[in-house]
Amino acid sequence: MGELERRIMDLLWDAGRPLTAAELRDSLDTDGTETPAITTVLTVLSRLERKDFVRRDRKRRPHLYEPARSRAEHMAELMHDVLRHSPEQEAVLARFVRSAGPKEAELLRNLLNDEPAP
Amino acid sequence: MTLTALSFALAALAVALAWPVPILLDRARWPSRAPALTLLLWQAIALAGGLSMIGSLVVFGLAPFGDSLPSAIATAVTGAFTWTWQDGFTVFHAAALVFGALLFAHLTLSLIVTTTRTVRGVRRHRELLELLSNPAPGDETTRIVDDESPFAYCLPGMTDSVTVLSDGLIRQLTPTQLRAVVEHERAHLQQRHNIVLTLFAAWAIALPWFPVATRARRSVELLIEMLADDMARRTVPARDVAEAIKHIAVGSSTGGSHAAAIGAPAADDDADESDTGRPLPAELRIRRLLAPPEPLPIAGRFGLVAVSVLLVGVPTVAML
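So the protein sequences, as listed, match chains A and B. Counting in the working numbering, the first sequence runs from 536 upward without gaps. Counting in the working numbering, the second sequence runs from 4 upward without gaps.
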């Protein structure tokens, strides 16, 4: 299910205009993998809508779907989670190691007797 | 009056556990020789600290009602129902009871709020991740984010925990170093470190005016990293684990495209920390990997377990 969500979002992001569920289904058809039923596409779309990833235009028939925000904006949100050091955030993701400042970076390099980075 | 004496003893314990003990433990060098047991000790300190803080207030407030806590509670409850005033019950006792109840509510609420916020944060992040990352070939539990800066983290889940790696990381590290990172993150997930982190985060958020709560949290974070490093070292040479730490700490400071895009400062970690002379966690971890310290002798290990059990056990038994 996550896989299909991702493919549909990619299509919406790349389309540049609102799409109908049928158009999405047909685009999924062309990329060589198995084609989902239209009801499956609609289910995935309403899930994406619930998660605030997709906006639905109900004034038109059939309904038109478009991404709520661009891929870059979502990526920025993801990276914000990763880089942010707020107390609340620390418990969400356990990062491998935090980033070091320039002075600390020098020290870490020396610890492992490395050449300075180019 | 024995309950009054007990309340002073509990208060003394609360003060010790809130101030000198965490500072000493945070500064000590031996915890890196027994990170798992020190983690146990920190949890005992936090639990016993909360217990003695609230306990001393409640015991003091109930002291006029009897010579032991169960009988005092019984007398107080009966007295409340029959509207009989207890001799010796002053405004100080009432204030202690109210304050104890407030403290208990505050700590419980903070834990609930922090847990809810964490669970929500994890869910939202996972939703984003599903749209913006690709599963690693042949490994469903690892996902790859398309970003230049090298980073790695894990996202806990009930049944579907994932390890996240960046494209930049995969390009910069050798396959062995990459395995070190994956093994390290897997250790976090297997040992459920997120639960301990959430508990100490809640404590630090509940008691921000106690520098010790933040200190405890920082120590616990480092111990958890050491534990995960130790797990990685079982399958990968220690040198590669150390190299991976260096690469990520140094590499992400220069910042990838997105790091620059959202204007994240290179290293804001230590900006709020008062003692800047303290070595960076990355440095401590690398030193420890390059020159592993002797594990604590068996007597020391036994002592740590005994102290942890006694810290929680003695105040509990004393109050019963």
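Cβ atoms here follow ideal geometry from the backbone N, Cα and C, with glycine treated the same way.
The segment 236–244 of chain B contacting the segment 172–186 of chain B, beta-carbon criterion three pairs below 8 Å
Taking 8 Å as the limit for Cβ pairs, the verdict is that the segment 172–186 of chain B does touch the segment 236–244 of chain B.
Residue range of the unbroken beta strand (DSSP E) whose run includes LEU145 (chain B)
Reading the sequence as shown, one finds Thr at residue 145 (chain B) and not Leu. According to the DSSP assignment, THR145 (chain B) belongs to the beta strand (DSSP E) that extends over 142–148.
Specify the secondary structure class of PRO295 (chain B) as computed by DSSP and reduced to three states.
Annotated three-state conformation of PRO295 (chain B) is coil, per DSSP.
What does LEU213 (chain B) reach in chain A if we use C-beta pairs closer than 7 Å?
First, the residue type needs correcting, since residue 213 (chain B) is Phe and not Leu in the sequence shown. Chain A residues near PHE213 (chain B): none, gap ~14 Å exceeds 7 Å.
Which residues in the same chain as GLY259 (chain B) place their Cβ atom closer than 7 Å to its Cβ, once the five residues preceding and following it in sequence are excluded?
With a pLDDT of only 45 at GLY259 (chain B), under 50, the local geometry of the prediction cannot be trusted, and the value read off the model is given with reservation. If we look at GLY259 (chain B) and ignore the five residues flanking it on each side, its Cβ neighbours are ASP150, GLU151, SER152 and GLY171.
Establish whether the CB of LEU554 (chain A) and some CB of chain B are separated by less than 9 Å.
Chain B, which has no Cβ nearer than 9 Å to the Cβ of LEU554 (chain A), makes this no.
Identify whether VAL627 (chain A) lies in helix, strand or coil by the three-state DSSP scheme.
DSSP places VAL627 (chain A) outside both helix and strand once states are collapsed to three, so it counts as coil.
Based on Cα-Cα distance, which residue from B:ALA205, B:ALA247 and B:THR78 lies nearest to ASP117 (chain B)?
Rather than Asp, the amino acid found at residue 117 (chain B) in this sequence is Thr. Ranked by how close their Cα comes to the Cα of THR117 (chain B), the residues B:ALA205, B:ALA247 and B:THR78 have B:ALA205 in first place.
Return the chain-ordered ranges of every beta strand (DSSP E) run that is complete within the segment 129–207 of chain B and spans a minimum of 3 residues.
Counting only runs that start and end inside the segment 129–207 of chain B, the beta strand (DSSP E) elements of at least 3 residues fall at 136–139, 142–148, 155–158 and 165–169.
I want to verify the contact list: residues of chain A whose CB lies under 7 Å from the CB of ALA245 (chain B), in sequence order.
Contact annotation for ALA245 (chain B) against chain A: LEU647 [CB-CB distance below 7 Å, chain order].
Look at the Cβ atom of SER634 (chain A), then the Cβ atom of LEU618 (chain A), and state whether they are nearer than 9 Å.
Taking 9 Å as the Cβ cut-off, SER634 (chain A) and LEU618 (chain A) qualify as a contacting pair.
Selected residue, minimal CA-CA separation from VAL244 (chain B), among B:LEU202, B:ARG281, B:ALA294 and B:VAL223
For VAL244 (chain B), the nearest C-alpha among the options comes from B:ALA294.
Please confirm if ARG218 (chain B) has its CB atom under 9 Å from at least one CB of chain A.
Chain A places no beta carbon closer than 9 Å to that of ARG218 (chain B), leaving this residue out of the contacts.
If distances are taken between C-alpha atoms only, which option among B:ALA12, B:ALA19, B:PRO25 and B:LEU9 comes closest to ARG220 (chain B)?
Of the candidates B:ALA12, B:ALA19, B:PRO25 and B:LEU9, the one whose C-alpha sits nearest the C-alpha of ARG220 (chain B) is B:PRO25.
Amino acids of chain A, ordered along the chain, whose beta-carbon sits closer than 8 Å to that of LEU132 (chain B):
Residues of chain A passing the Cβ test: LEU613.
With 16 as the cutoff for other CB atoms within 10 Å, does HIS128 (chain B) come out buried or exposed?
Classification of HIS128 (chain B): buried, given that the 10 Å Cβ count is 16 or more.
Should THR177 (chain B) be flagged as near chain A, meaning a C-beta pair shorter than 9 Å?
The beta carbon of THR177 (chain B) does not come within 9 Å of any beta carbon belonging to chain A, so the residue lies off that interface.
Indicate whether ALA51 (chain B) and LEU20 (chain B) have their beta-carbon atoms separated by less than 9 Å.
Note that the C-beta distance between ALA51 (chain B) and LEU20 (chain B) is below 9 Å.
Using the C-alpha atoms, what's the distance from PHE63 (chain B) back to ALA8 (chain B)?
Cα to Cα, ALA8 (chain B) sits roughly 8 Å from PHE63 (chain B).
Taking 8 Å as the threshold, find out whether the segment 636–645 of chain A comes into contact with the segment 28–48 of chain B through three or more Cβ pairs.
Counting Cβ pairs under 8 Å, fewer than three are found: no touch.
VAL184 (chain B) versus LYS249 (chain B) - alpha carbon distance
Computed Cα separation, rounded: 12 Å.
For THR555 (chain A), the residue or residues it bridges with in DSSP
According to DSSP, which records beta bridges pairwise, THR555 (chain A) is partnered with A:LEU599.
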